[in-house]
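The structure appears right after this line, and notes come after that.
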Amino acid sequence: MINLLKEVARGKRGARDLVLDEALEAAEAILTLQATPAQIGAFFIAERIKMESVDELEAFVRVVRKYATRLPIQEGLDCAGPYDGRKSSFYATFPTAFVLAAAGVPVTLHGAPSLPPKWGIGLHDVIRAAGVDPDRLDAEKAALAAREAGVVYIPTEQWCPPLRELRSIREELGMRTILNSAEKLIDFTHSPYLVFGVYHNTVFDRLSRLIIKLGYRKALVIQGAEGSEDLFIDRPTRAYVVDDGQFHLRIYDPETMGLDTPMPEKEWTPAEQAAVAESVLRGEADMAFANQVLFNAAARLELAGRVGSLEEGLYTCKALIDSGAALAVYNSWKNALLGVPRLA
C-alpha cells in the first residue's frame with residue numbers, strides 16, 4: 001500500500017493514475033482493512049486531489065461488488081442517488097419507483113445512513129419514516145418485495161459489510177471519497193438500466209465511460225437536484241445518455257413538456273419527505289412535486305424502452321397515478337415488508 005500511495009500522493013503535478021491492476025490492489029487492501037486507517041485516509045485524500053481515473057473507479061466498483069450480496073431477483077432499473085442525502089430538494093425518486101413498477105419496470109433503490117460531505121436526509125431515513133425499518137431488509141425480504149411489488153430497497157452497508165467497516169474513517173474525513181461513486185454502482189440486483197446522479201458536469205465523461213465498461217444496457221447520468229438522479233422541474237437538467245457503447249448530452253427541459261413549475265420552499269424532514277411522496281401517489285400533492293415525479297418517471301420509462309417518447313411516458317404515468325395503480329403498488333410493497341397479509 002505504501003508504494004501505491006507514493007504514486008497517487010505526489011501532489012497535483014507529480015501524482016499519476018494507477019493502472020487497473022494497481023487500483024485493484026489498493027481497493028482490495030482498503031476494503032479488507034489490510035491497509036491501516038492512516039493509509040486509507042491518505043489514499044482517499046490523494047485521490048480527491050488528483051481526481052479518480054476510470055480505471056481506479058472501475059477497480060473500486062469491482063471490489064465492492066466482490067464483497068457485496070448481489071442477487072438477480074429482478075431485471076429493471078437501478079436508481080443510484082447520493083448517499084449523503086438531501087438538504088433542500090424533494091426525493092422524487094422514491095414515489096417515482098412505484099409509478100415505474102406499476103408500468104412494469106422493476107426498480108432497485110439503495111442507500112445507507114447519511115454520510116459526508118452533505119450529511120443530508122438519506123433515502124434510508126425516508127424509508128424509515130414511511131414505516132419500514134431499512135436495517136431489517138435482508139435478502140429474503142428483498143425477494144418478497146420484488147415478487148409482490150417490483151420495488152426493492154437495499155441497505156447497502158448490510159449487504160456490503162466492508163463499507164460499514166469503513167464508515168468511521170469516512171465520517172472522520174468528512175469529505176467525498178472514491179467510495180461515494182463506487183457504492184452507488186454495486187448493482188445489487190443485476191439491473192440492465194441505470195439512472196446515476198452527479199453533482200458536477202465535469203465527471204460526465206468519466207462516469208459515462210465507466211458505465212460502458214461495467215456493461216449496463218443503457219443509462220442516464222444526470223446532473224440533478226443536489227447531485228441526485230432526479231430531474232429538476234423548475235429548470236432544464238443536463239444529462240448524458242449512455243447507450244450501445246456511446247454517450248451524448250441531452251437536455252431535459254420541463255418547459256417543453258408544459259411541466260415547468262416553481263418549487264415551493266420547504267424545511268424537509270424524513271417524515272415530510274415520506275408524506276409528500278405518499279400524497280403524490282394518492283394524486284393529492286402540490287403540482288410541483290406531482291409534475292416532478294411524472295417528469296422523472298416518463299424519462300425513466302423511455303430509458304427502459306417501455307415508451308417511445310417523453311410525451312407517451314407522461315400520459316402513461318399520469319394514468320397510473322390517476323387510476324390508483326401506483327398507490328396500490330406502494331401499499332403492496334409496504335404490506336409485504338411489514339408482514340401484512342394479502343386480502344383475498
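Using the UniProt record's numbering, you'd call the opening residue of the sequence shown number 1 and step up by one each time. Even glycine gets a Cβ: it sits at the ideal position worked out from N, Cα and C.
DSSP three-state label for glycine 197, please. Residue state, collapsed to three classes: strand.
Boundaries (first-last residue) of the alpha helix (DSSP H) holding arginine 235
Counted as a single uninterrupted DSSP element, the stretch harbouring arginine 235 is not any alpha helix (DSSP H), since DSSP gives it neither H nor E.
Nonlocal neighbours in the same chain, by C-beta distance under 7 angstroms from leucine 100, ignoring five residues either side
Taken in chain order, the residues that qualify are Leu77, Val107, Ala297, Arg300 and Leu301.
Inset, instruction - Tell me whether isoleucine 186 sits in a helix, a strand or coil according to DSSP, three-state version. - result: Isoleucine 186 sits in coil when the DSSP states are folded into three classes, being neither helix nor strand.
Along the chain, where does the beta strand (DSSP E) containing proline 162 start, and where does it finish? Not the beta strand (DSSP E): proline 162 falls in the alpha helix (DSSP H), residues 161-173.
Valine 151 and phenylalanine 98: beta carbons closer than 8 angstroms?
A distance below 8 angstroms separates the beta carbons of valine 151 and phenylalanine 98.
Residue from Gln74, Thr316, Tyr330 and Lys141 whose Cα sits closest to the Cα of alanine 274: If we check each option's Cα against that of alanine 274, Tyr330 comes out closest.
query: At a Cβ threshold of 8 angstroms, is leucine 144 touching chain B?
result: Protein chain content of the structure displayed is limited to a single chain, and chain B is not contained in it.
Q. Mind checking alanine 38: buried by the 16 CB within 10 Å criterion, or exposed?
A. So alanine 38 ends up on the exposed side.
Once the 5 residues before and after glutamate 165 are set aside, which same chain residues still bring their CB inside 8 angstroms of it?
Once the five neighbours on either side are set aside, the close Cβ partners of glutamate 165 are Leu33.
By DSSP's criteria, arginine 86 is part of a beta bridge. Which residues make up the other side? DSSP output for arginine 86 lists Ile121 as bridge partner(s).
query = Are the Cβ atoms of alanine 112 and lysine 184 separated by less than 8 angstroms?
reply = Going by C-beta atoms, alanine 112 is not nearer than 8 angstroms to lysine 184.
Item checked: Option in Ala142, Met1 and Asp55 with minimal Cα separation from glycine 41 -> A check of alpha carbon separations from glycine 41 across Ala142, Met1 and Asp55 identifies Met1 as the nearest.
Within 10 angstroms of its Cβ, does alanine 344 collect 16 or more other Cβ (buried), or is it exposed?
With a pLDDT of 49 at alanine 344, under the threshold of 50, the modelled position of this residue cannot be trusted, and the question is left open.
For the structure I just gave you, are there three or more beta carbon pairs, one from the segment 261-270 and one from the segment 288-296, closer than 8 angstroms? Taking 8 angstroms as the limit for Cβ pairs, the verdict is that the segment 288-296 does touch the segment 261-270.
Q.
Quick check: the Cα distance between valine 126 and alanine 271, rounded to an integer number of angstroms?
A. If you take the alpha carbons of valine 126 and alanine 271, they lie about 7 angstroms apart.
| Distance CB(serine 208)-CB(leucine 57) smaller than 8 angstroms | Taking 8 angstroms as the Cβ cut-off, serine 208 and leucine 57 do not qualify as a contacting pair.
Practice item. Compare the C-alpha of alanine 146 against each of Leu337, Arg342 and Pro341 and name the closest. Key: Shortest Cα-Cα distance from alanine 146 to any of Leu337, Arg342 and Pro341 involves Leu337.
| Quick check: the segment 241-250 against the segment 212-227, are there 3 or more CB pairs under 8 angstroms? | With the cut-off at 8 angstroms, the segment 241-250 and the segment 212-227 touch.
- prompt: DSSP on aspartate 135, reduced to helix/strand/coil?
  reply: Three-state DSSP puts aspartate 135 in a helix.
Check each candidate in Thr93, Asp205, Asn3 and Arg136 and name the one with the smallest Cα separation from leucine 109. For the residues Thr93, Asp205, Asn3 and Arg136, the minimum Cα distance to leucine 109 belongs to Thr93.
(Q) Within the continuous alpha helix (DSSP H) that includes isoleucine 30, where are the two ends? (A) Its alpha helix (DSSP H) spans residues 20-31.
Restricting to Cα atoms, I'd like to know which of Pro82, Glu311, Glu25 and Leu5 is closest to isoleucine 45. Comparing Cα-Cα distances from isoleucine 45 to each of Pro82, Glu311, Glu25 and Leu5, the minimum goes to Leu5.
What is the rounded straight-line gap between the Cα of threonine 256 and the Cα of tyrosine 315? Tyrosine 315 has its alpha-carbon roughly 15 angstroms from the corresponding atom of threonine 256.
**Prompt:** With which residues is proline 155 paired in a DSSP beta bridge?
**Reply:** The bridge partners DSSP lists for proline 155 are Gly111.
Just the C-alpha distance for proline 155 and proline 236, rounded to the nearest angstrom, thanks. Roughly 31 angstroms separates the two Cα atoms.
field: Buried or exposed by the 16-neighbour rule on C-beta atoms within 10 Å, applied to glycine 339
entry: Exposed, by the Cβ-count rule.
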